[in-house]
Amino acid sequence: MRRISLWMRAHPAVGDSLIAIVLLALDVLIYSLFVAFPVPGVATPPWYVGLPLIVILLGVVPLRRKYPLVMAYWVLVWTVPYVASGFGDVAFSVAVVSCIALYTVVVYSGRKQAAIYTALTLPVSLVHQLVQYPDDWIVNTVTVVLALALCWVLGEFVGARRAYQAEVEARLHLLENERHQATRIAVAEERERIARELHDVVAHAVSVIVVHADGASFAVRKDPDLAERAIGTISDTGRSALSELRRLLAILRDDTTDDSAAHRGDDGGDGQSGVGGEGARTPQPTAADLVELTDRIETAGLTVRLHLDDGIDELPAGVSLGVYRIVQEALTNSLKHAGVGTRAQVTVRWDRGRGRDRGHAGSVLIEVEDDGAGRANPVLTGDSAAGGTAGRTASGSSAESAGPAGSGSAGSAGSAGSGSAGSGSAGSSGSAGSSASGGNGLIGMRERTNVHDGTLTAGPAPGGGWRVRAELTVRLGA
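One point on numbering: in UniProt numbering, the residue at position 269 of the sequence shown is 269, and numbering is uninterrupted.
Below you can see the structure in the form of structure tokens.
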């Protein structure tokens with residue numbers, strides 16, 4: 001029965017047609033009984049008079065949902081000749097169809113149209129009762145009024161239920177749209193996060209690799225051992241960057257692709273697993289990994305002093321990753337723009353007393369400052385070690401705005417000038433540095449601080465060099 005009910009709801013015209021067919025069959029049956037068994041005082045008109053009127057009345061019932069007012073007034077108009085024919089004495093479909101018409105108007109057309117229709121239908125029904133049944137006029141009048149009132153109340157109930165269902169469906173549709181919008185926003189934010197991660201990983205790794213490659217090319221004949229160590233650092237840095245890139249790429253893949261790649265054991269070309277392998281499962285770096293980061297930076301020629309507060313490894317994962325990436329980007333900029341021999345100071349403090357009244361667990365203060373005293377080209381011995389901070393202070397903007405003066409930035413010594421290790425001009429190297437770094441590093445650092453309701457400042461240090469300061473809010477329960 002439930003399946004039949006659901007099917008009828010999905011096909012309302014079929015249900016209305018069945019109602020019309022059943023009423024027609026009952027009228028024909030009742031008429032046949034009156035013909036077969038005549039009742040004294042009840043006239044039986046010819047079938048060719050009443051039957052067409054019944055068909056005309058019932059023929060519009062299947063259209064009642066789509067055209068409620070047309071159906072209702074059609075019934076009202078044809079009720080008059082139906083009653084006048086005398087067929088109403090031996091059939092009852094006109095009364096049922098009149099009730100259906102009022103119910104339909106209340107449900108689909110509202111109270112105003114229903115009131116107008118009732119005001120027209122009620123007099124017709126009362127006159128019919130007065131003419132056909134004068135002796136029982138009062139009883140029949142009460143019956144007609146109660147029947148119409150019942151149809152009205154039933155229509156109000158069904159109409160209210162339909163309105164409620166429509167409101168629920170509208171709210172569900174709105175919630176669905178909001179969910180899709182939230183999903184799109186989350187996807188966009190995830191893409192931005194991945195873009196920041198890619199920039200941080202690639203910029204840092206490429207800077208270290210280029211510095212060591214330039215150094216190795218210079219020392220390959222004079223100091224083969226030094227060149228070998230530089231090449232080893234290049235290999236380690238490249239593998240580390242490749243592992244992080246695999247992890248980031250794995251985020252973009254669905255679970256099915258991840259599983260299939262893991263089962264295949266795709267080879268990445270360096271003896272490690274493919275995109276779905278171990279590299280994809282490498283945990284993200286945290287503030288506790290800053291010691292390893294500074295050690296790796298120092299092998300590229302940057303002298304780094306690191307100070308970390310106790311308990312820094314207890315930071316929430318998101319904040320800890322932000323601390324690592326900000327320090328990584330700041331040191332990478334120092335390496336690119338100030339050059340080899342630069343001294344940098346990194347300080348990370350967790351001030352647990354700040355922000356507790358706002359539901360926070362304090363804030364993390366990050367400061368990275370270099371003296372800008374390095375050589376712009378890591379493979380030269382002094383020929384072009386002009387001002388390591390010129391590229392960052394010339395425009396008065398961020399550390400990503402330009403390369404240093406001299407023979408190109410630390411990442412472009414072989415190509416910034418005319419192609420040799422030491423022949424680039426200051427002007428050409430400055431443009432090369434600018435084109436090589438499009439300002440994404442500072443933008444990425446600022447976005448990371450914004451994620452944690454923090455602040456970021458970057459600019460020349462009072463005693464020379466460059467300073468980056470950031471403050472990240474640590475939320476309770478994060």
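Even for Gly, the Cβ is constructed at its ideal location relative to N, Cα and C.
With distances taken between CA atoms, VAL144 lies nearest to THR121 out of LYS66, ARG162, THR121. If only complete runs of 4 or more residues are kept, the region 9-58 shows the alpha helix (DSSP H) at 12-36, 47-58, in order along the chain.
Note that the C-beta distance between VAL451 and GLY362 is not below 7 Å. When DSSP states are grouped into helix, strand and coil, HIS204 belongs to the helix group. It is roughly 20 Å from the alpha-carbon of GLU192 to the alpha-carbon of THR332. Beta-bridge analysis with DSSP links HIS307 to THR347. In this structure, VAL368 keeps its C-beta atom at 7 Å or more from the C-beta atom of VAL348.
By a beta-carbon distance limit of 8 Å, GLU329 does not contact GLY215. Their separation comes to about 22 Å. Residue range 317-337 is occupied by the alpha helix (DSSP H) that includes GLY322. Closest in C-alpha terms to ASP453, from the list GLY339, GLY318, THR141, comes GLY318.
Look at the beta carbons and you see the region 98-105 touching the region 146-164: at least three pairs across the two are nearer than 8 Å.
Counting of Cβ neighbours within 10 angstroms places LEU57 among the buried residues, the total reaching 16 or more. Between VAL61 and ASP16, the beta carbon gap of about 5 Å places them in contact (Cβ cut-off 8 Å).
A direct Cα-Cα distance of roughly 15 Å separates VAL220 from THR233. With contacts defined by Cβ atoms closer than 7 Å, LEU306 and THR342 do not form a contacting pair. Straight through space, the alpha carbons of LEU198 and ARG65 are spaced by roughly 59 Å. Closest by C-alpha distance to ARG229, out of ARG239, PHE37, HIS212, is HIS212.
In the three-state DSSP reduction, SER98 falls in the helix class (H, G or I). In this structure, LEU24 and VAL55 form a Cβ contact; the two beta carbons are roughly 7 Å apart against a cut-off of 8 Å.
For PRO81, no beta strand (DSSP E) segment is defined; the enclosing uninterrupted segment is the alpha helix (DSSP H) at 68-84.
ALA338 places its beta carbon 7 Å or farther from that of ASP313.
The beta-bridge partner set that DSSP reports for SER363 consists of ASP351, THR473. Distance from the CA of VAL106 to the CA of PRO52, rounded to the nearest whole angstrom, comes to 28 Å.
Here PHE92 is exposed, its C-beta having fewer than 16 other C-beta atoms within 10 Å. When only Cα atoms are considered, ARG448 and PHE157 end up about 56 Å apart.
Take the alpha-carbon of TYR164 and the one of ALA115: they are about 22 Å apart.
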